[in-house]
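S.K.: The following block contains the structure, expressed as structure tokens.
Number of protein chains: 2
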Amino acid sequence: MNNSLFNPRSVAVIGASREPTKVGYTLLNNIINSGYRGNIYPVNPKADEVLGLKCYKSISEVPGEVDLAIIAVPAQVALEVAEECGRRGVKYLTVISAGFKEVGSEGADRERELVNIAKKYRMRILGPNCLGFIDSYTPLNATFAAVTPRRGRIAFVSQSGALITAILDWSIKRGIGFSKIVSLGNKADLDEVYFIQAIGEDIETKVILLYVESIERGKEFVDVAKQTSMKKPIVVLKGGVTEAGARAAMSHTGAMTGGFTAYEVAFKKAGILIANTISELFDYAMAFSNQSIPAGSNIAIVTNAGGPGIITTDLSLKAGLRLSSFSPSTINSLRSKLPPAAAIYNPVDVLGDARADRYRNALDIVLSDEDVNGLIVILTPQAMTEPIDTAKAIIEVSKKYLGKPVIAAFIGGEAVREAADLLINEGIPCFDLPERAVIALSGLCRYRSYLDELEKVIEKYVKFYDVDAVRAREIINIARSDGRRALLEIEARELMRAYGIPVPPAFLVKSEDEAINAANKMGYPVALKISSPQILHKTDVGGVVLNINSDAEVREAYRTILSRVSRYAPKAMLYGVTVQKMVPKGREVIVGLTKDQVFGHMIMFGLGGIYANVFRDVSFRLTPVTPSEAMDMIKETKAYAILKGIRGEAPADVASIVNVILRLSQLVQDVPEIVEMDINPLFVYNEGEGCIALDVKVVFS
Amino acid sequence: MNNSLFNPRSVAVIGASREPTKVGYTLLNNIINSGYRGNIYPVNPKADEVLGLKCYKSISEVPGEVDLAIIAVPAQVALEVAEECGRRGVKYLTVISAGFKEVGSEGADRERELVNIAKKYRMRILGPNCLGFIDSYTPLNATFAAVTPRRGRIAFVSQSGALITAILDWSIKRGIGFSKIVSLGNKADLDEVYFIQAIGEDIETKVILLYVESIERGKEFVDVAKQTSMKKPIVVLKGGVTEAGARAAMSHTGAMTGGFTAYEVAFKKAGILIANTISELFDYAMAFSNQSIPAGSNIAIVTNAGGPGIITTDLSLKAGLRLSSFSPSTINSLRSKLPPAAAIYNPVDVLGDARADRYRNALDIVLSDEDVNGLIVILTPQAMTEPIDTAKAIIEVSKKYLGKPVIAAFIGGEAVREAADLLINEGIPCFDLPERAVIALSGLCRYRSYLDELEKVIEKYVKFYDVDAVRAREIINIARSDGRRALLEIEARELMRAYGIPVPPAFLVKSEDEAINAANKMGYPVALKISSPQILHKTDVGGVVLNINSDAEVREAYRTILSRVSRYAPKAMLYGVTVQKMVPKGREVIVGLTKDQVFGHMIMFGLGGIYANVFRDVSFRLTPVTPSEAMDMIKETKAYAILKGIRGEAPADVASIVNVILRLSQLVQDVPEIVEMDINPLFVYNEGEGCIALDVKVVFS
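Protein chains in written order, with the working numbering: chain D, 146 to 846; chain H, 146 to 846.
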């Protein structure tokens with residue numbers, strides 16, 4: 146890989162040690178044993194030679210260029226060493242040393258200083274407080290881990306170093322191989338964004354696995370991951386998902402962990418697959434590192450036992466896969482090649498006495514069916530079973546059908562071990578339980594649908610030219626100069642008008658006569674509402690009168706409101722009374738906005754009305770959103786069924802909601818200081834009749 | 146175990162063979178090798194000696210009593226052999242032979258004949274078409290499986306024989322041991338109900354695992370499992386969960402598979418834990434076979450690595466566990482015993498350099514905290530880590546806290562293998578990934594809450610004495626004699642009245658004058674509805690007029706209805722017109738009933754109104770239900786939040802819904818021929834104001 150962190154021409158190990166219990170010993174030993182072909186320079190003022198290599202007193206004494214320096218000295222001297230590296234022209238630092246941000250404010254100061262030194266000399270830093278990294282193809286093992294992994298196609302980038310050491314040991318018995326392993330440590334400089342981009346270009350890597358607890362550069366992360374996802378799959382295990390989990394994350398890295406919803410929304414936008422467990426992370430990876438991406442989610446199951454076939458069917462359907470419907474010719478071929486008692490419909494049961502040949506025939510017939518996009522083959526060791534020959538048959542047949550992934554579940558222990566190893570070595574993921582095969586295959590299928598989704602995301606954004614961004618900014622500025630952080634109802638309505646979002650006609654008036662005048666301009670019925678920056682909940686102080694039908698009623702309502710408000714909110718500063726046209730009731734939905742500190746603005750769509758809080762029937766997207774995304778947001782909710790019309794109702798004007806979502810998306814691009822916003826309710830009328838934003842709340846920073 | 150199937154005094158193997166490839170050879174060999182201490186009689190007309198034992202020409206020639214005969218001859222001669230066994234006084238048959246129900250109608254006839262023979266001689270049958278069974282304590286391995294399992298505390302009863310052979314092989318490497326293994330085969334006689342009861346009494350077994358695809362004796366199953374669940378946990382993996390899965394189940398065993406909802410409801414009633422995967426089934430079992438049941442779901446996590454601690458926290462909370470809040474004294478002790486950088490709040494991070502002693506201290510302090518009900522201890526192999534000594538520390542400390550289960554996750558491969566084996570051998574479940582530890586501990590905690598639930602289920606049923614069962618039966622009989630399978634609206638209302646469920650006042654009238662008379666008796670407003678057995682959807686034919694406020698309007702509505710009906714449903718037989726009092730609108734819920742062919746009547750509660758179909762917010766219970774169960778049904782739904790009152794609404798009369806549920810439960814006990822029923826909507830008024838069944842549909846068989 147053409148990157149001088151992963152593929153440096155020379156490596157210095159500062160803090161190299163002759164003590165086998167020291168990190169500086171293991172590090173150097175790993176570099177040597179990994180077969181690294183560049184120059185290796187141990188640096189230690191107290192040694193002349195370490196592990197058979199000449200040792201230098203300091204980095205300054207090292208002859209020739211040094212691309213990479215690995216710093217494994219106490220934090221107290223690390224800065225000095227970094228400075229020396231800078232002067233020496235080192236390009237990359239990998240700082241193993243702990244004692245930085247993770248230990249409190251003194252460490253945080255030290256970390257900032259480290260970054261400043263690196264900037265001064267244009268060095269990049271991995272760490273500090275990390276395990277190092279491994280590149281299996283350079284090859285270079287620049288970690289102090291006890292185990293060297295198998296070479297493979299999986300890159301693993303982890304914010305937890307201990308997780309890497311544990312997984313390395315565990316991966317051996319599972320037959321999992323890696324292309325690259327990176328321990329991010331405190332991410333003072335190089336972070337997941339950097340590595341996703343770098344490894345995205347690495348031809349040796351087929352899948353990128355991430356373990357992250359926090360992401361700081363949210364927008365760059367989404368952009369880079371989205372570009373990379375189109376080339377190769379990214380699977381993430383996010384630590385700190387739940388509230389208490391997030392608390393643990395804070396005590397662990399001192400990093401801010403956003404709410405998981407924002408992460409989920411961001412991962413979705415970036416086409417990143419989410420794994421829920423370590424096992425899932427690697428089961429996905431096993432599939433991605435060798436198998437191709439299927440054209441769809443229709444799968445076949447071939448088994449030599451009914452029960453496991455049923456279990457696999459259940460789990461596949463739960464995982465969102467579908468069972469292929471075989472063509473008549475597939476059915477006929479199976480019928481002619483299999484014994485009469487075999488099940489020839491999907492799942493195919495080749496029966497307990499099936500030898501390798503019968504498996505081969507069944508697999509060949511099933512994989513040739515057009516409706517089969519991928520296949521799970523199950524083997525249980527029975528008296529006549531030939532695990533190894535069956536494995537060979539699977540390998541042989543699967544090569545004929547390259548676009549169709551094949552995943553094996555050989556259920557058992559010793560009886561199937563050798564056969565399973567054979568499959569894994571030949572690139573067919575083989576698991577000991579069917580549930581893991583289902584997860585692996587469903588990962589491949591999910592990636593296919595993510596690729597299809599990504600096309601929507603890269604579709605052009607709609608830009609509205611009928612909006613008045615200048616006026617929008619003015620509205621915010623006036624409110625801000627007024628010392629407020631939220632807009633008045635009348636201002637929020639004007640903001641909506643500036644962005645072409647329909648609101649009911651309304652005027653702010655200061656007298657009974659003005660109110661009557663306004664009502665006559667709009668036509669009855671109207672509503673009157675108090676307008677005051679101090680009164681957020683107008684109904685609570687009697688500040689609202691609805692369904693007013695005449696001049697006399699306007700007059701009476703005006704007086705009633707003012708008298709109630711003077712009684713219940715005597716100190717409120719009054720801007721006047723809003724006269725608003727009553728509009729017919731539509732189906733109630735909510736469109737809202739919130740700003741996540743990591744990923745920026747998220748737009749929300751959901752069911753409105755009294756059930757909104759009970760059912761939490763909402764969907765989110767990061768802004769900006771495309772028309773397809775806006776439509777998907779609506780379709781994802783159950784409210785969509787209501788909008789389409791149930792019990793013979795006419796369909797609602799969904800296109801008008803899409804329009805509102807897109808315009809709000811543009812609004813926060815133009816006026817990013819808006820941090821929260823609710824249109825609740827948005828009344829949606831029948832198809833072609835549009836929608837109206839009844840109540841609008843806007844909070845800005 | 147005092148049961149002559151599992152612990153026979155003597156065993157005959159009919160079809161014992163000298164051919165090592167034959168089932169009859171492996172069977173006999175397994176019996177001998179398992180160390181069985183009773184008499185073993187091989188039976189084969191063509192041999193004098195098999196595997197060193199004297200062989201008999203027929204079962205009749207065998208000297209002494211034979212408790213158990215294992216039949217491994219072709220199906221064609223199995224009946225003859227069974228007859229001979231009967232004459233010979235055999236008590237139990239285990240029929241290995243295939244060729245019965247699973248091969249079609251001829252086989253089904255043969256199976257019925259087999260059952261008849263057994264009944265004649267009072268023999269019980271395991272199978273046919275099964276693998277046999279194993280009792281590790283008798284000891285007796287009466288299967289033809291290739292592997293003999295480790296001895297342990299888990300009983301595994303499976304409807305799939307192949308699953309048993311695969312799991313036996315697989316269980317060895319996982320360190321899982323069994324007390325009993327039973328292959329049910331076609332379940333011609335002995336079924337899961339029999340074995341749950343028998344093994345429920347077995348002191349060697351601590352947990353019963355079931356793999357079932359179908360259950361035939363639904364009510365007995367629930368009764369027996371409920372009794373057994375109170376003594377020891379039952380965990381089930383149900384094959385054929387999804388529709389396509391169910392299809393596979395039918396082709397596999399020819400058994401009827403009920404919809405999964407009925408199974409879920411039945412398992413819940415019986416206190417059975419559901420596993421979703423094979424791995425879950427055994428992860429649960431590992432915990433149950435050695436650890437005690439915790440007092441609650443508050444857990445602690447002790448780890449030597451932050452990342453895995455965070456992952457475990459996330460998964461625990463997702464699984465419904467809670468993290469304990471440590472007492473100040475726990476916090477103080479941890480602070481004094483652990484290094485300053487350690488995390489002393491839950492999850493406790495003893496840091497990467499923790500040796501066994503530090504683990505011991507942390508575990509001891511944490512387990513002594515009153516709020517800790519159970520604990521997960523995580524180890525990642527790092528430079529200073531002492532896996533084996535840490536394992537010993539865990540074993541030692543856990544013995545001090547017997548009511549508090551301890552589950553280990555030693556993440557790794559070779560580096561932790563020996564330590565993991567040590568833990569498992571000492572009864573501490575140890576997994577290689579934290580997700581499995583979480584599943585195991587959550588299983589223990591779920592069983593605790595099931596035990597608490599079971600107390601509700603065994604609470605006394607309420608019996609209402611103000612009901613008129615005779616009248617209810619009459620109503621059904623009249624409708625039946627009329628050739629109908631559904632009640633008219635007016636009949637359904639009367640049925641409700643007979644069971645004390647409030648309905649709006651209503652009269653069936655045959656003339657305008659009668660209608661006016663009825664309206665005046667009840668008071669206005671009223672509604673008029675056509676009554677005809679042919680008209681199910683009255684509104685569609687214009688057969689309903691609502692909100693009638695005067696005698697004149699009644700007259701007009703009566704005429705309108707009759708004229709519309711004569712136009713749109715000219716052939717319908719008319720019983721008259723129903724005059725019903727209009728009642729105020731309440732919160733809309735649905736209470737319904739359905740009869741499952743396996744488990745009997747299930748009662749349903751859910752949200753009513755237009756959102757009912759969109760949100761499917763419903764809960765089910767098998768009847769009869771207790772008051773606590775009825776209350777739980779309501780609480781399980783999101784509708785409960787609406788009933789409690791949102792946005793300042795007064796709470797609804799939930800007690801009146803409980804009353805309706807209990808009365809319906811009693812109704813189907815008294816009149817079991819009701820197969821379907823809907824009260825939709827049930828209008829629920831504010832607390833103390835009751836509810837009214839607006840529309841009632843009743844279908845009977």
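Even glycine gets a Cβ: it sits at the ideal position worked out from N, Cα and C.
Report yes if the C-beta distance between H:A795 and H:N831 is below 8 angstroms; otherwise report no.
M.R.: Yes, these two residues count as a Cβ contact at 8 angstroms.
S.K.: Examine the ligand MG and report whether any of its heavy atoms sits within less than 7 angstroms of the Cβ of H:T310.
M.R.: The ligand content of the structure shown is nil, which means the ligand MG is not present either.
S.K.: Name the chain D residues that come within less than 7 angstroms of H:V99, Cβ to Cβ?
M.R.: Residue 99 of chain H cannot be examined here, being either before or after the span of chain H that is shown, 146 to 846.
S.K.: Which residues in the same chain have their Cβ closer than 7 angstroms to the Cβ of D:R670, if we skip the five residues on either side of it in sequence?
M.R.: At residue 670 of chain D the sequence reads Pro, which differs from the Arg that was named. Excluding sequence neighbours, D:P670 sits near N692, I693, N694 and M727.
S.K.: Count the CB pairs spanning the region 262–278 of chain D and the region 239–250 of chain D that are closer than 8 angstroms, and state whether there are at least three.
M.R.: Contact holds: three or more Cβ-Cβ distances are below 8 angstroms.
S.K.: Taking 8 angstroms as the threshold (beta carbon to beta carbon), is D:L578 in contact with chain H?
M.R.: True, the Cβ-Cβ gap to chain H drops below 8 angstroms.
S.K.: What is the rounded straight-line gap between the Cα of H:V848 and the Cα of H:P165?
M.R.: This structure does not reach residue 848 of chain H, given that chain H is present from 146 up to 846, and the question cannot be answered.
S.K.: Within the region 397–461 of chain D, note down every full alpha helix (DSSP H) run reaching 4 residues or more, in order along the chain.
M.R.: The qualifying runs are 405–414 and 423–435.
S.K.: Tell me whether the beta-carbon of D:G465 lies closer than 8 angstroms to the beta-carbon of D:S442.
M.R.: Contact flag set, yes.
S.K.: For the region 539–560 of chain H, list every residue whose C-beta sits within 8 angstroms of some C-beta in chain D, in sequence order.
M.R.: If the cut-off is 8 angstroms between Cβ atoms, the region 539–560 of chain H has I556, G557, G558, E559 and A560 near chain D.
S.K.: Can you pull the chain D residues whose beta carbon is under 9 angstroms from the beta carbon of H:R298, in chain order?
M.R.: Here the premise fails: no neighbours, minimum Cβ distance about 20 angstroms.
S.K.: Compare the Cα-Cα distances from D:A430 to each of D:P473, D:I824 and D:V380 and report the closest residue.
M.R.: That would be D:V380, whose Cα lies nearest to the Cα of D:A430.
S.K.: H:Y186 and H:V211: beta carbons closer than 8 angstroms?
M.R.: Closer than 8 angstroms, so yes.
S.K.: Hey, would you say H:M268 sits closer than 8 angstroms to H:K236, going by beta carbons?
M.R.: Closer than 8 angstroms, so yes.
S.K.: Tell me which residue opens and which closes the alpha helix (DSSP H) that H:S328 is part of.
M.R.: Element bounds for H:S328: not the alpha helix (DSSP H) but the beta strand (DSSP E), G322 to S328.
S.K.: H:S328 and H:R298 - do their beta-carbons sit closer together than 8 angstroms?
M.R.: Not closer than 8 angstroms, so no.
S.K.: Cutting at 8 angstroms between CB atoms, please list the residues of its own chain near H:V495, excluding the five before and the five after it.
M.R.: For H:V495, where only same-chain residues beyond five positions count, the Cβ hits under 8 angstroms are V447, T448, N449, L483, A487, R503, Y504 and A507.
S.K.: DSSP beta-bridge partners for D:I215?
M.R.: Looking at the DSSP assignment, D:I215 forms a beta bridge with D:V158 and D:T239.
S.K.: Across which residues does DSSP place D:E733 in a beta bridge pair?
M.R.: Paired residues: D:F828.
S.K.: Is it the case that the region 772–782 of chain H contacts the region 814–825 of chain H, given that we only count it when at least three CB pairs across the two stretches are under 8 angstroms?
M.R.: No, the region 814–825 of chain H does not touch the region 772–782 of chain H.
S.K.: Checking 8 angstroms against the spacing of the C-beta atoms, do H:I584 and H:I539 come in under that value?
M.R.: Not in contact: H:I584 and H:I539 (Cβ atoms no closer than 8 angstroms).
S.K.: Contact check, D:V724 vs D:G688 under 8 angstroms by CB: the rounded distance?
M.R.: Contact doesn't hold; Cβ gap of about 13 angstroms is too wide.
S.K.: Looking only at its chain, what residues have a beta carbon closer than 7 angstroms to the beta carbon of D:S478, apart from the 5 residues adjacent to it on each side?
M.R.: Correct list, in chain order: I510.
S.K.: Taking the alpha-carbon positions, what's the H:I438 to H:A582 distance?
M.R.: Rounded to whole angstroms, H:I438 to H:A582 spans 15 angstroms at the Cα level.
S.K.: Cβ of H:S305 less than 8 angstroms from any chain D Cβ?
M.R.: Cβ-Cβ to chain D under 8 angstroms: yes for H:S305.
S.K.: By the criterion of Cβ-Cβ separation under 7 angstroms, what are the contact partners of D:Q527 in chain H?
M.R.: Under the 7 angstroms cutoff, chain H gives A307 and T310.
S.K.: Is there at least one Cβ from chain H nearer than 8 angstroms to D:Y170's Cβ?
M.R.: Output row for D:Y170: interface = no.
S.K.: In the DSSP assignment, what residue or residues form a beta bridge with D:Q725?
M.R.: D:A651 and D:A672.
S.K.: Alpha carbon to alpha carbon, how far is D:G345 from D:S155? Give it in angstroms, no decimals.
M.R.: C-alpha separation (whole angstroms): 24 angstroms.
S.K.: Would you grab the beta carbon distance between H:A161 and H:V195 for me? Rounded to a whole angstrom, and I think it's under 8 angstroms.
M.R.: Confirmed, Cβ separation roughly 5 angstroms.
S.K.: Give the secondary structure of H:K608 by DSSP, where H, G and I count as helix, E and B as strand, and everything else as coil.
M.R.: H:K608: coil per DSSP, three-state reduction.
S.K.: With H, G and I counted as helix, E and B as strand and the rest as coil, what does DSSP make of H:G390?
M.R.: Unreliable positioning characterises H:G390 in this predicted model, as indicated by a pLDDT of 45, which lies under 50. The coordinate reading is nonetheless provided below. The answer is helix: DSSP assigns H:G390 an H, G or I state.
S.K.: Rounding to the nearest angstrom, what Cα-Cα distance links H:C836 and H:M749 in this structure?
M.R.: Near 17 angstroms, if we compare the C-alpha coordinates of H:M749 and H:C836.
S.K.: Sorted by chain position, which residues of the same chain lie with C-beta nearer than 7 angstroms to H:G197's C-beta, five sequence neighbours on each side aside?
M.R.: Nothing meets the Cβ criterion.
S.K.: Is H:I423 closer than 8 angstroms to D:E580 when the C-beta atoms are compared?
M.R.: Contact flag set, yes.
S.K.: Using a Cβ-Cβ distance under 8 angstroms, would H:G399 count as near chain D?
M.R.: The predicted model places H:G399 with a pLDDT of 27, which falls under 50 and marks its position as unreliable; any figure quoted below should be read in that light. Not an interface residue.
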